[in-house]
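*Asks:* In my numbering, the protein residues as written are 5 to 632. Please read through the structure below; I'll follow up with questions.
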RNA sequence: GGACUCGUGGCUCAGCCUGGAUAGAGCAAGCGGCUUCGAACCGCUAGGUCGAGGGUUCAAAUCCCUUCGAGCCCUCCA
């Protein structure tokens with residue numbers, strides 16, 4: 005509970021005061037004070053001004069007097085600020101003990117929002133015809149971070165990755181291999197996913213533009229892919245699985261794990277679509293159009309200004325959005341599960357088993373990957389389609405907010421970076437495009453970062469062994485990339501600049517990880533085993549108390565992040581922790597002190613910081629290095 | 001034409017949901033701090049009519065309306 009304890013105490017006392025005054029229904033705030041105004045402040049007087057017909061200043065004064073009658077264990081002093089705020093000063097000797105003691109528990113930071121219920125987080129879901137680029141990384145890191153936060157908030161999280169192995173993009177590379185005879189082996193050891201994306205996909209789509217008769221071949225290939233037992237489908241399956249293996253390698257390198265891979269081809273063959281199609285008709289959610297531009301189509305009626313959306317074409321085939329409906333319903337457990345599950349042969353970063361869907365019950369194990377609540381991480385450009393799905397799901401199961409589309413803005417390339425790819429943009433940022441070959445691959449960014457960090461580490465530690473440098477470079481490079489992807493709001497466009505992304509100073513993961521490394525060195529050199537059996541009242545310096553306070557906010561931050569699916573909240577919190585620690589580090593010498601008692605108290609604090617930061621960084625999928 | 005998102009110092013952002021006290025950071029600029037618990041750090045200086053206009057309110061960066069600018073979506077494409 006930590007800092008929450010003092011907030012609760014104050015809130016309860018203020019409620020009692022209001023009861024005595026026979027006032028109810030006042031939704032006042034009790035929150036962390038701004039710097040310079042004590043530790044906690046309340047706006048209660050402002051809210052009472054109208055009712056009591058007095059100005060806030062007088063009311064605060066009155067409340068201040070009444071508050072002195074209240075029993076308080078954690079509040080040392082109250083202040084009626086002329087502005088109208090009621091401010092509180094904590095009894096830090098007591099509060100420090102509570103906060104630091106709790107921080108040593110394994111459960112520190114855990115909150116209970118999920119009540120141990122199931123939740124699905126779906127992310128990644130990249131067409132298996134190319135390597136992951138920096139735009140995909142935002143999706144993956146957001147999804148992975150959210151799933152970590154929800155786990156901390158007591159949800160049982162299952163992470164799904166939807167493999168769209170039967171779409172047009174896959175058909176394109178199949179056309180490349182079959183029709184244009186691209187070699188099935190990549191040249192000089194190139195990763196297979198990179199080869200498919202950089203060479204086969206880009207060059208094949210270029211040829212379409214030159215020769216429109218190829219469109220027929222493309223369409224036929226797509227149809228054969230969906231047909232299942234065709235030779236094309238078997239070949240396609242082999243190719244897409246090889247690409248997928250390459251993509252997963254990139255994801256695992258980023259510390260990302262999944263619970264199940266769901267193959268679109270199997271969803272199509274499972275017959276889920278026809279079941280949901282019947283259900284849609286029964287419930288009157290779709291209508292058959294007899295005339296007009298959508299004649300002979302099944303459509304979902306658009307509300308207000310929105311056009312109707314075609315679900316089944318006049319030729320009887322399902323559209324793109326239609327494929328998402330049975331999948332969404334399956335995730336919510338609204339349909340009988342047609343799948344068997346097989347283990348995917350791999351060891352993931354979190355060492356959990358990775359399952360994959362199968363329609364074949366040989367050596368299959370039953371699993372349940374459905375949940376009452378589903379979070380789907382998709383680019384906000386798909387918002388309109390996702391809104392249709394959300395509305396449909398609400399009508400199916402009558403539970404509001406059970407299907408959540410977590411949208412985020414795209415990653416664009418800075419004009420400088422676009423230029424390095426041969427694209428002149430006139431100073432403007434550029435949208436990435438897999439088809440046009442305008443993108444920066446995730447693997448290449450990781451590689452560049454790792455090189456840079458290896459250099460920096462060598463500079464600082466010339467004597468360090470290569471294996472240790474490698475470990476540090478891995479930790480810091482992944483941290484840097486992941487942090488950049490979540491530190492700002494989801495609805496802000498990230499303009500990726502290759503040169504700037506290599507910056508390791510300021511509001512970056514290395515800044516935060518560095519604070520951890522510094523603290524680790526203090527603990528190492530102290531020669532003392534940190535304990536919470538210390539005199540907390542000795543921690544009196546401003547920078548000490550500020551660090552304690554920041555540590556005590558962990559639960560509140562996790563709650564905020566989980567309630568709002570907001571990874572950036574934890575990113576900011578990690579940064580705040582590091583700032584507080586660096587200020588402490590500058591102002592207080594831990595090991596220099598002659599006073600052993602004080603030294604022990606400070607060691608306790610430093611260790612508490614390290615434990616907390618390590619846990620918070622873990623929510624971001626970032627590891628905390630002891631040295632760097 | 002319609003829907004959605006963004007607009008805060010030179011640049012990148014936080015704060016907005018849940019209105020209140022001096023609008024916070026980082027980068028870039030200028031100055032200062034390593035005979036060390038590691039300078040991937042810290043301190044100081046300078047820089048802001050919170051796009052514009054109106055409204056609600058005792059109180060608006062925050063809520064409402066209008067408007068301008070930027071982005072994105074609006075295929076029987078995926």
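Backbone N, C-alpha and C fix where the C-beta goes; we use that ideal spot for every residue, glycine too. A quick note: this is a predicted structure, and the numbers were derived from the prediction, not measured.
By a C-beta neighbour count over all protein chains shown, 10 Å radius and 16 as the cutoff for buried, is residue 385 buried or exposed?
*Replies:* By one-based count along the first chain, residue 385 stands at place 381. Residue 385 is exposed by the Cβ-count criterion.
*Asks:* So does the stretch 236–253 actually touch the stretch 336–346, counting three or more Cβ pairs closer than 8 Å?
*Replies:* Judged by Cβ distances under 8 Å, the stretch 236–253 makes no contact with the stretch 336–346, as fewer than three pairs qualify.
*Asks:* From 530, 526 and 484, pick the residue whose C-alpha is nearest to that of residue 510; which is it?
*Replies:* For this step, residue 510 is matched to residue 506 along the first chain. Residue 484 is the option with its Cα nearest to residue 510.
*Asks:* Can you list, in chain order, the residues of its chain with a C-beta nearer than 6 Å to that of residue 135? Leave out the 5 residues immediately preceding and following it.
*Replies:* Mapped onto the first chain, residue 135 falls at position 131. Excluding residues within five positions, the ones whose Cβ falls inside 6 Å are 197, 198, 201 and 445.
*Asks:* Going along the chain, which residues of its own chain have a beta-carbon closer than 8 Å to the beta-carbon of residue 492, five neighbours each way excluded?
*Replies:* Position 488 of the first chain holds residue 492. Excluding positions up to five away in sequence, the list reads 498 and 572.
*Asks:* What alpha helix (DSSP H) runs, 4 residues minimum, are completely inside the stretch 27–62?
*Replies:* Here the runs fully enclosed are 48–56.
*Asks:* Which residue from 480, 420 and 496 puts its Cα closest to that of residue 412?
*Replies:* If you number the first chain from 1, residue 412 lands on position 408. Nearest C-alpha to residue 412: 496.
*Asks:* Please state the DSSP three-state secondary structure of residue 13.
*Replies:* Taking the first residue of the first chain as 1, we reach residue 13 at position 9. Of the three classes helix, strand and coil, the one that applies to residue 13 here is helix, per DSSP.
*Asks:* Rounded to a whole number of angstroms, what is the C-alpha to C-alpha distance between residue 594 and residue 409?
*Replies:* If you number the first chain from 1, residue 594 lands on position 590. If you number the first chain from 1, residue 409 lands on position 405. Rounded to the nearest angstrom, the two C-alpha atoms are 48 Å apart.
*Asks:* Check for me: the beta strand (DSSP E) holding residue 585 runs from which residue to which?
*Replies:* Locating residue 585 in the first chain gives position 581, counting from the first residue. Counting along the chain, residue 585 falls outside any beta strand (DSSP E), though it belongs to the alpha helix (DSSP H) covering 571–591.
*Asks:* For residue 443 and residue 419, I'd like the C-alpha separation in whole angstroms.
*Replies:* Sequence index remark: in the first chain, residue 443 carries index 439 (1-based). Sequence index remark: in the first chain, residue 419 carries index 415 (1-based). Looking at the two C-alpha atoms, the distance is approximately 12 Å.
*Asks:* Is residue 624 helix, strand or coil by DSSP?
*Replies:* Locating residue 624 in the first chain gives position 620, where the first residue counts as 1. Here residue 624 sits in coil by DSSP.
*Asks:* For residue 219, does the count of other Cβ atoms within 10 angstroms reach 16, so buried, or fall short, so exposed?
*Replies:* Residue numbering aside, residue 219 sits at position 215 when the first chain is read from its first letter. The residue in question, residue 219, is exposed, as its Cβ has fewer than 16 Cβ neighbours within 10 Å.
*Asks:* Going by DSSP, name the residue or residues bridged to residue 93.
*Replies:* For the purposes of this step, residue 93 is identified with residue 89 of the first chain, where counting begins at 1. In the DSSP output, where bridge partners are listed per residue, residue 93 has 81.
*Asks:* I think residue 165 touches residue 129, with their Cβ atoms under 8 Å apart; what is that distance to the nearest whole Å?
*Replies:* On the first chain, residue 165 is found 161 positions in, with the first residue counted as 1. On the first chain, residue 129 is found 125 positions in, with the first residue counted as 1. Going by Cβ atoms, the distance from residue 165 to residue 129 rounds to 6 Å, so yes, they are a contact pair.
*Asks:* From the DSSP output, which residues share a beta bridge with residue 500?
*Replies:* Locating residue 500 in the first chain gives position 496, counting from the first residue. The partner list for residue 500 (beta bridge, DSSP) reads 417.
*Asks:* Between the alpha carbons of residue 642 and residue 268, how many angstroms are there, rounded?
*Replies:* A query on residue 642 cannot be resolved here, the shown segment of the chain reaching from 5 to 632 and no further.
*Asks:* Tell me the DSSP secondary structure of residue 120 in three-state form.
*Replies:* For this step, residue 120 is matched to residue 116 along the first chain. Coil.
*Asks:* What whole-angstrom Cβ distance do residue 225 and residue 157 have, given they're in contact under 8 Å?
*Replies:* Position 221 of the first chain, counted from the start, is the residue given in the question as residue 225. Position 153 of the first chain, counted from the start, is the residue given in the question as residue 157. Contact doesn't hold; Cβ gap of about 45 Å is too wide.
*Asks:* With the cut-off set at 7 Å, would you say residue 153 and residue 377 are in Cβ contact?
*Replies:* Residue numbering aside, residue 153 sits at position 149 when the first chain is read from its first letter. Residue numbering aside, residue 377 sits at position 373 when the first chain is read from its first letter. Taking 7 Å as the Cβ cut-off, residue 153 and residue 377 do not qualify as a contacting pair.
*Asks:* Express the C-alpha separation of residue 326 and residue 396 in angstroms, rounding to a whole number.
*Replies:* Position 392 of the first chain, counted from the first residue, corresponds to residue 396. Position 322 of the first chain, counted from the first residue, corresponds to residue 326. Looking at the two C-alpha atoms, the distance is approximately 11 Å.
*Asks:* Within its chain, find whatever has a CB closer than 7 Å to the CB of residue 221; leave out the 5 residues flanking it on each side and keep chain order.
*Replies:* On the first chain, position 217 is the one that residue 221 refers to. Within the same chain, residue 221 has close Cβ partners 179 and 183.
*Asks:* Quick one: complete alpha helix (DSSP H) runs, 4+ long, within the stretch 151–217?
*Replies:* Here the runs fully enclosed are 172–182 and 206–214.
*Asks:* In the DSSP assignment, find the unbroken alpha helix (DSSP H) run with residue 516 in it and report its ends.
*Replies:* Here residue 516 refers to the residue found at position 512 when the first chain is read from its first residue. 513–530 is the extent of the alpha helix (DSSP H) around residue 516.
*Asks:* Let me know the secondary structure DSSP gives residue 435 once reduced to three states.
*Replies:* Position 431 of the first chain, counting from 1, holds the residue named residue 435. It is a strand residue.
*Asks:* For the stretch 511–526 against the stretch 471–490, are there 3 or more C-beta pairs whose distance is under 8 Å?
*Replies:* Because the criterion of three Cβ pairs below 8 Å is met, the stretch 511–526 and the stretch 471–490 touch.
*Asks:* Have a look at residue 365 and residue 347 and give me their C-alpha separation to the nearest angstrom.
*Replies:* Here residue 365 corresponds to residue number 361 of the first chain, with the count starting at 1. Here residue 347 corresponds to residue number 343 of the first chain, with the count starting at 1. So the two alpha carbons sit approximately 12 Å from each other.
*Asks:* Out of curiosity, what's the CA-to-CA distance linking residue 51 and residue 567?
*Replies:* To locate residue 51, count along the first chain from 1; it is residue 47. To locate residue 567, count along the first chain from 1; it is residue 563. If you take the alpha carbons of residue 51 and residue 567, they lie about 26 Å apart.
*Asks:* Strictly by DSSP, which residues pair up with residue 239?
*Replies:* Position 235 of the first chain holds residue 239. Residue 239 is not bridged to any residue.
*Asks:* Ends of the beta strand (DSSP E) at residue 112?
*Replies:* For the purposes of this step, residue 112 is taken as residue 108 along the first chain, with counting starting at 1. Run containing residue 112: none; DSSP gives neither H nor E here.
*Asks:* Of the choices 68, 479, 281 and 324, whose alpha-carbon is the least far from that of residue 400?
*Replies:* Position 396 of the first chain holds residue 400. Answer by Cα proximity: 281.
*Asks:* So residue 267 is in the beta strand (DSSP E); what residue range does that whole segment cover?
*Replies:* Reading the first chain from its first residue, position 263 is the one you call residue 267. Here the beta strand (DSSP E) through residue 267 covers 264–267.
*Asks:* Work out the CA separation of residue 489 and residue 505 for me, nearest whole Å.
*Replies:* Locating residue 505 in the first chain gives position 501, where the first residue counts as 1. Locating residue 489 in the first chain gives position 485, where the first residue counts as 1. Near 11 Å, if we compare the C-alpha coordinates of residue 489 and residue 505.
*Asks:* Ignoring anything shorter than 3 residues, give me the beta strand (DSSP E) runs that lie fully in the stretch 359–426, in order along the chain.
*Replies:* The stretch 359–426 contains these whole beta strand (DSSP E) runs: 359–362, 377–381, 407–410 and 415–417.
*Asks:* Does the beta-carbon of residue 588 have 16 or more other beta-carbons within 10 angstroms, so that it is buried, or is it exposed?
*Replies:* For this step, residue 588 is matched to residue 584 along the first chain. The residue in question, residue 588, is buried, as its Cβ has 16 or more Cβ neighbours within 10 Å.
*Asks:* Residue range of the alpha helix (DSSP H) that residue 546 falls in?
*Replies:* Reading the first chain from its first residue, position 542 is the one you call residue 546. It spans 546–556 - the alpha helix (DSSP H) in which residue 546 sits, taken as one unbroken run.
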